[in-house]
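Below is one structure; the comments refer to it alone.
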Amino acid sequence: MKIIKHQSGEIFDIELEESLLRKNKELAEENQKIFDCYGIKAIDILGSIGSGKTTLICQLVKKLRKKYAIAVIAGDLTTQIDAQLIKKNGAKVIQINTGKECHLDAKLVNEAIKNLPLNKINLLFIENVGNLICPAEFPLGAHKRIVVFSCTEGPYVVIKHPYIFKEADIVVINKIDLAKKMGVSLPKLKADVKKIKSSLPIVETIANKGKGLEKIINFLTDA
Ligand code: MG
Ligand code: ZN
Numbered sequence: 709m710k711i712i713k714h715q716s717g718e719i720f721d722i723e724l725e726e727s728l729l730r731k732n733k734e735l736a737e738e739n740q741k742i743f744d745c746y747g748i749k750a751i752d753i754l755g756s757i758g759s760g761k762t763t764l765i766c767q768l769v770k771k772l773r774k775k776y777a778i779a780v781i782a783g784d785l786t787t788q789i790d791a792q793l794i795k796k797n798g799a800k801v802i803q804i805n806t807g808k809e810c811h812l813d814a815k816l817v818n819e820a821i822k823n824l825p826l827n828k829i830n831l832l833f834i835e836n837v838g839n840l841i842c843p844a845e846f847p848l849g850a851h852k853r854i855v856v857f858s859c860t861e862g863p864y865v866v867i868k869h870p871y872i873f874k875e876a877d878i879v880v881i882n883k884i885d886l887a888k889k890m891g892v893s894l895p896k897l898k899a900d901v902k903k904i905k906s907s908l909p910i911v912e913t914i915a916n917k918g919k920g921l922e923k924i925i926n927f928l929t930d931a
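Numbering (the working numbering), first residue to last: 709 to 931.
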């Protein structure tokens, strides 16, 4: 079979991308310094649209709001749907609408945190734009990254997105109650994750029913 592979392209493009990523990394480090200065634990949550990022955040907010002062930065192209859902559960929310941008970057997060009462927060969730590809390349300054995918995303969701799993600190497999119906094998999905990064902890959840959250909460407590 003929395969057309990605070419590294012209020098100009490479330099542009490198300087962009370098700048982002510097700003991400700056963001993390701000978080550390205020004693804020910052968690970047990545996953496709419909994987359950918002549902998971809402459930975590519900369970943790007595223990932590929580804020959420909700990344989305154009809507405020997620931000409103999260707000209802009792967290401070800042919406970032990225327009055509398919990922959050450190600069956007830097802007967002200027609008948060940082001295009154100790846990910050950052919901990235729903996408398993480029957010991997843009650290935001968060201390940990949670990658969420669900059994409805089919049997190849892990092996088709190796980079994002390499960058993850914990993986959440959501909607495990639908695995059989979707014809996906949970052991196979987990093996795919381990093949990419053997040290990655994996948590199975049914986020909309609040099931399987304990391990994530333990992870957050230790983070
Ligand atoms: Mg969402
Ligand atoms: Zn993107």
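Every residue gets a Cβ at the ideal spot worked out from N, C-alpha and C, and that includes glycine.
**Item:** N830 - DSSP class collapsed to helix/strand/coil
**Value:** Residue state, collapsed to three classes: coil.
**Asked** How about the segment 888 to 895 and the segment 807 to 823: do they share at least three Cβ pairs that are nearer than 8 Å?
**Response** Short answer: they don't touch.
**Item:** Sequence-distant residues of the same chain with beta carbon closer than 7 Å to S756, five excluded per side
**Value:** G838, N839, L840, F857 and E861
**Request:** Out of R730, E809, N739 and L764, state which residue places its alpha-carbon closest to the alpha-carbon of E912.
**Result:** L764
**Request:** Compute the Euclidean distance between the alpha carbons of Q792 and K902, then round it to the nearest angstrom.
**Result:** 35 Å
**Asked** Would you call the CB atoms of N952 and N818 closer than 8 Å?
**Response** Outside the modelled stretch of the chain, which goes from 709 to 931, sits residue 952, for which no answer is possible.
**Request:** Could you tell me whether any non-hydrogen atom of the ligand MG is closer than 7 Å to the CB of E835?
**Result:** Under cutoff, so the answer is yes.
**Message:** Only counting the same chain, and skipping five residues up and downstream in sequence, which positions put a Cβ closer than 8 Å to that of K795?
**Reply:** Contacts found: V801.
**Message:** Taking 7 Å as the cut-off, is the beta-carbon of G891 closer than that to any non-hydrogen atom of the ligand MG?
**Reply:** No - the ligand MG has no heavy atom lying nearer than 7 Å to the Cβ of G891.
**Request:** Could you please give the first and the last residue of the uninterrupted beta strand (DSSP E) stretch that includes A915?
**Result:** Per DSSP, A915 belongs to no beta strand (DSSP E) and is neither H nor E.
**Request:** Thinking A876 and L908 are a contact (beta carbons under 8 Å), I'd like their distance in whole angstroms, please.
**Result:** 6 Å
**Request:** Evaluate Y776 with the Cβ neighbour count: other Cβ atoms within 10 Å of its Cβ, from every protein chain shown; 16 or more gives buried, anything less gives exposed.
**Result:** buried
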